[in-house]
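The structure appears below as structure tokens.
Protein chains: 2
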Amino acid sequence: MSKEPMAARRSAASRAAILEAAFHLVGEVGYGKLSIEAIAARAGVGKQTIYRWWPSKGAVLFEAVFVRSFGDTENPAPLPDTGDLEADLRTVLRATALELADPEVDRPLRALTVAMLEDEALAREYRTRVEEPTREAKRARLRSAQRAGQLPASLDLDAAVDAIFAPMAQRWLHRAGPLTEEYADALLEITLGGLRRSGPN
Amino acid sequence: MSKEPMAARRSAASRAAILEAAFHLVGEVGYGKLSIEAIAARAGVGKQTIYRWWPSKGAVLFEAVFVRSFGDTENPAPLPDTGDLEADLRTVLRATALELADPEVDRPLRALTVAMLEDEALAREYRTRVEEPTREAKRARLRSAQRAGQLPASLDLDAAVDAIFAPMAQRWLHRAGPLTEEYADALLEITLGGLRRSGPN
Chain A
1 MSKEPMAARR SAASRAAILE AAFHLVGEVG YGKLSIEAIA ARAGVGKQTI YRWWPSKGAV
61 LFEAVFVRSF GDTENPAPLP DTGDLEADLR TVLRATALEL ADPEVDRPLR ALTVAMLEDE
121 ALAREYRTRV EEPTREAKRA RLRSAQRAGQ LPASLDLDAA VDAIFAPMAQ RWLHRAGPLT
181 EEYADALLEI TLGGLRRSGP N
Chain B
1 MSKEPMAARR SAASRAAILE AAFHLVGEVG YGKLSIEAIA ARAGVGKQTI YRWWPSKGAV
61 LFEAVFVRSF GDTENPAPLP DTGDLEADLR TVLRATALEL ADPEVDRPLR ALTVAMLEDE
121 ALAREYRTRV EEPTREAKRA RLRSAQRAGQ LPASLDLDAA VDAIFAPMAQ RWLHRAGPLT
181 EEYADALLEI TLGGLRRSGP N
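From first to last, the protein sequence lines stand for chains A and B. Quick note, the first sequence lines up with residues 1 to 201 if you use the UniProt record's numbering. Quick note, the second sequence lines up with residues 1 to 201 if you use the UniProt record's numbering.
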């Protein structure tokens, strides 16, 4: 066995330990008290190992959240496409509600939001690597519905993506109400059918 | 002239100077570099004057944004109610787009968002003094439309408020696209009419 593969394996293990440590630590102490020192101690590596790969605690946190969301790929999973747009969006919105309501996810995501608001470079990286590919996956599902004649061909796809997904994200951000499957369903009914026709009467 | 009114006037003038200084300073340096010292220097008051009224730079910033939004009252202005729901919501959404696109407003609001994400007490104060009264003003306009038979009586008013207003806020937060009157109109068409019927065809 040559030396290289061993070093690469060690490197990958250190990297995984750092990201895991950052994710859990920020959930415990919040972003303000997160530090490279504490991440290093939790991961059992030296500070310099972290600085070799990432310039700031925000960058480590970004990578930790990214890897948890996208796994080893650089692309988000496509949205389900069973041919039933309403059922597929319901599946995604309900899953989003439950995920955001999970404290394990909530705190790292809030911390990442702070990091991005404070660091324009990180915000750009988020837009390029997360927001834009995720948005494209959503647009692709809506395009499929357009081809199936379920949505108008002239629909503004970006406004449509915002209308479907933004209300859940804002309610989470401002803790403005419960994140439940019922809320997901109420939103979807409004977005698909329109306010004027919403509700059972 | 007694001593009290003079002291009260001085106090009010100091308070206004502090809030004005905080608002502009955060626009120049960002929240991370905002400090009570710098606010005091800009306002021409002593640090202790600020600490007498507010516990943190986040709390000063909150008050500065609050006073700019609500003026001297503790209540937001009601939404326009001309009897034409669509026209009234268009007025409000277009104005919101232009306001959020204004760098003078954008930076202090981003700073306040960071402050609230980092400080749970401030987030609670925001919910009580800003989010809830503003939401009630929006619900009131929708209730008026319900009484006029323009919206279903069974509509989930909170989900409806989110569906109408959250997409603009979320696009602003993530700088996910331009904040324009055209975007406001596209959102409103989707929210009122429903995705399925949206667009000219």
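Built from N, CA and C at the ideal position, the CB exists for glycine as well.
Alpha helix (DSSP H) segment containing residue i, residue limits
i: R110(A); result: P103 to E118
i: R171(A); result: L157 to L173
i: E182(A); result: E181 to G193
i: A77(B); result: Note, A77(B): premise wrong, no alpha helix (DSSP H); not H, not E.
i: R94(A); result: L85 to L100
i: E132(A); result: E132 to R147
Neighbour-count burial assignment, residue i, 16 or more Cβ in a 10 Å radius
i: E28(A); result: exposed
i: R141(B); result: buried
i: T191(B); result: buried
i: M6(A); result: exposed
i: A21(A); result: buried
i: K57(A); result: buried
i: residue 206(A); result: Chain A is shown from 1 up to 201; residue 206(A) falls before or after that span and cannot be answered.
i: P103(A); result: exposed
i: E120(B); result: exposed
i: E182(A); result: exposed
i: Y31(B); result: buried
i: A145(B); result: buried
i: A169(A); result: buried
i: R10(B); result: exposed
i: A40(A); result: buried
i: R147(B); result: exposed
i: R171(B); result: buried
i: R124(A); result: exposed
i: A43(B); result: buried
i: N201(A); result: Caution applies to N201(A), whose pLDDT of 37 falls short of 50 and renders its modelled position unreliable; the model cannot decide the point.
Beta-carbon spacing of residue i, residue j below 8 angstroms
i: L117(B); j: T96(A); result: no
i: A127(A); j: F66(A); result: Per the sequence shown, the amino acid found at residue 127(A) is Arg instead of Ala. Going by C-beta atoms, R127(A) is not nearer than 8 angstroms to F66(A).
i: R139(A); j: L151(A); result: no
i: L93(A); j: L188(A); result: yes
i: D88(A); j: L79(A); result: yes
i: A111(A); j: L34(A); result: yes
i: G194(B); j: G193(A); result: yes
i: A137(B); j: L61(B); result: no
i: A159(A); j: A186(B); result: yes
i: E63(B); j: K47(B); result: no
i: A166(A); j: A166(B); result: yes
i: A101(B); j: L179(B); result: yes
i: R15(A); j: W53(A); result: yes
i: F23(B); j: P76(B); result: no
i: V45(A); j: A17(A); result: yes
**Request:** Identify each residue in the segment 83-114 of chain B for which the Cβ-Cβ distance to at least one residue of chain A is less than 7 angstroms, and report them in chain order.
**Result:** R110, T113 and V114
**Item:** Uninterrupted alpha helix (DSSP H) stretches inside the segment 34-58 of chain A (no shorter than 4 residues)
**Value:** 36-43 and 47-53
**Request:** Select from the UniProt domain "HTH tetR-type" (12-72) of chain B all residues with a C-beta closer than 8 angstroms to any C-beta belonging to chain A, and list them in chain order.
**Result:** G30, Y31 and G32
**Prompt:** In the segment 152-165 of chain A, which residues sit with their C-beta less than 7 angstroms from some C-beta in chain B, listed in chain order?
**Reply:** P152, A153, S154, L155, D156, D158, A159, A160, D162 and A163
**Prompt:** Which residues, in order along the segment 178-197 of chain B, keep a beta-carbon less than 7 angstroms from a beta-carbon of chain A?
**Reply:** Y183, A186, L187, I190, T191, L192, G193, G194, L195, R196 and R197
**Prompt:** If contact means a Cβ-Cβ distance below 7 angstroms, which residues of the segment 132-145 of chain A contact chain B?
**Reply:** none
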